[in-house]
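Numbering (the working numbering), first residue to last: 313 to 686. Heads up, the beta-carbon is just placed ideally off N, CA and C, and yes, glycines get one too. The structure under discussion appears below in the form of structure tokens.
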């Protein structure tokens, strides 16, 4: 029997057979062995890149910029915290009757999942199932997973629009180096292709998960439980594809919340640049900084805290926008500081439940299996 994460701070069923306990421990060790080597490698690369770009921009100048922030960092924390709130709120709107989840419970699960995703490489593999596992005592696991899938799809829709507008603006309004010009063109092309593929998949209601199960079955994997798994996975896909038809009135509020997430990111970038730079920012430049931040978060999700790559990308953009590389690197470091703060809160929530990142990773793995097998 898998370990169930209790809402009241308990973990486990309070007992279990020796065989069950041994199986749980084996699962934890398996999850740890799978993620640990990649985490170490990517973390090492990130630290090396971080050190290089901080040294290149000038540690003294960066420290001078950071010292200007002062109490303004509290406002930065508030803005970043509100971003967690609006994503959690939008997730609660993706549940269908009779299932409901409170914003506070969703916020805690979202924060813990984000913490796990930022620490563990290939974080999205852990972060999204973790959110579902943490609320399984409040709502059925399949309902939580389908709500996460819907929320993520709508979030990616707003991300695509955000990236297209930001990259197009950068191309049209600012002189770029040849490398940045081609990179921007590549991003725009990727956005167009992604939209085309996603539109085709939605119109055809293409069943990726059931297709993958059928492919595995044809090659002799999981034949004994194929029909049961196919039925469960097909139900999950139907929930996701049918959400719009059953809940048209919710789409606008969800999209407004997702848009608020990006707007809060722009305001956070504006405030940070305003505090650290002699050059006054505009909402347009803050919008471009947040665009680059979104790109880095998507492309380099597997690097913990996006160490090094955030400094490189934000520093390069800051040079283009005439703020200076040190201002861009400082902005990236301030982002890390507020991430560390909220990760600390996430770890504290884990500890209050008697959990650890290792147990959460193992529970996330079991949640993924349970969706197809329960």
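Item, Value
"Which whole-angstrom value describes the C-beta separation of residue 430 and residue 588, a residue pair presumed to lie in contact below a C-beta threshold of 8 Å?", "About 23 Å separates the two Cβ atoms, so there is no contact after all."
"Can you find the residues in the same chain that come closer than 7 Å, C-beta to C-beta, to residue 411, ignoring five residues on each side of it along the sequence?", "451, 452, 455"
"Is there at least one Cβ from chain C nearer than 8 Å to residue 610's Cβ?", "The structure shown contains no chain C; it holds only a single protein chain."
"Taking the alpha-carbon positions, what's the residue 659 to residue 392 distance?", "17 Å"
"Report the option in 638, 370, 407 whose CA atom is closest to the CA atom of residue 584.", "638"
"Check the C-beta distance from residue 648 over to residue 629 and give it rounded, since I have them as a contact under 8 Å.", "Wrong, their Cβ atoms sit about 17 Å apart, outside the cutoff."
"When you compare each of 496, 623, 427, 470 to residue 367 by their alpha carbons, which one comes out closest?", "623"
"One question on the structure: do residue 612 and residue 643 come within less than 8 Å of each other, judged by their Cβ atoms?", "no"
"Tell me the DSSP secondary structure of residue 637 in three-state form.", "helix"
"How many angstroms separate the CA atom of residue 651 from the CA atom of residue 619?", "12 Å"
"Quick one: residues in its chain with C-beta nearer than 7 Å to the C-beta of residue 427, no 5 flanking neighbours on either side, listed in chain order?", "655, 658, 659"
"Can the beta-carbon of residue 507 be found closer than 8 Å to that of residue 457?", "no"
"Can you say whether residue 401 is buried or exposed, counting buried as having 16 or more other CB atoms within 10 angstroms of its CB?", "buried"
"Under a three-way DSSP split, which group does residue 614 fall into?", "coil"
"Could you pull out every unbroken alpha helix (DSSP H) segment of at least 4 residues lying fully inside the segment 552 to 582, listed in chain order?", "555 to 558"
"Quick one: Cα of residue 418 to Cα of residue 503, how far?", "30 Å"
"In terms of residue numbering, what span does the alpha helix (DSSP H) encompassing residue 477 cover?", "453 to 485"
"Helix, strand or coil: which one does DSSP assign to residue 593?", "coil"
"Please classify residue 410: does DSSP put it in a helix, a strand, or coil?", "coil"
"Taking only the alpha-carbon atoms, compute the straight-line gap between residue 586 and residue 425 and give it to the nearest angstrom.", "31 Å"
"Under the rule that 16 or more other beta-carbon atoms within 10 Å means buried, what is residue 666, buried or exposed?", "exposed"
"Looking only at its own chain, which residues have a Cβ that is under 8 Å from the Cβ of residue 488, when we skip the five neighbours before and after it?", "482, 496, 632"
"I need the straight-line Cα distance from residue 480 to residue 462, nearest angstrom please.", "27 Å"
"Look at residue 606 and residue 475 and say whether their C-beta atoms are less than 8 Å apart.", "yes"
"Residue 646 and residue 460 look like a contact to me (Cβ under 8 Å); what is the Cβ gap, rounded to whole Å?", "The Cβ separation is near 29 Å, so there is no contact."
"Can the beta-carbon of residue 449 be found closer than 8 Å to that of residue 558?", "no"
"Work out the CA separation of residue 413 and residue 440 for me, nearest whole Å.", "16 Å"
"Less than 8 Å between the CB atoms is what I'm expecting for residue 626 and residue 604, so what's the real figure, rounded?", "6 Å"
"Quick check: the Cα distance between residue 690 and residue 493, rounded to an integer number of angstroms?", "Outside the displayed span of the chain (313 to 686) sits residue 690, for which this structure offers no information."
"Within 10 Å of its beta-carbon, does residue 446 have 16 or more other beta-carbons around it, so buried, or fewer, so exposed?", "buried"
"Measure the Cβ-Cβ separation of residue 390 and residue 572 and say whether it is below 8 Å.", "no"
"Using DSSP with H/G/I as helix, E/B as strand and the rest coil, what is residue 630?", "helix"
"Is it buried or exposed, residue 610, if we count other Cβ atoms within 10 angstroms and call 16 or more buried?", "exposed"
"To the nearest angstrom, how far is it from the Cα of residue 505 to the Cα of residue 403?", "27 Å"
"How close, in whole Å, do the beta carbons of residue 406 and residue 566 come, if the pair is a contact with beta carbons under 8 Å?", "7 Å"
"Please work out which residues of its chain come closer than 8 Å, Cβ to Cβ, to residue 359, disregarding the five sequence neighbours upstream and downstream, and give them in chain order.", "619, 620"
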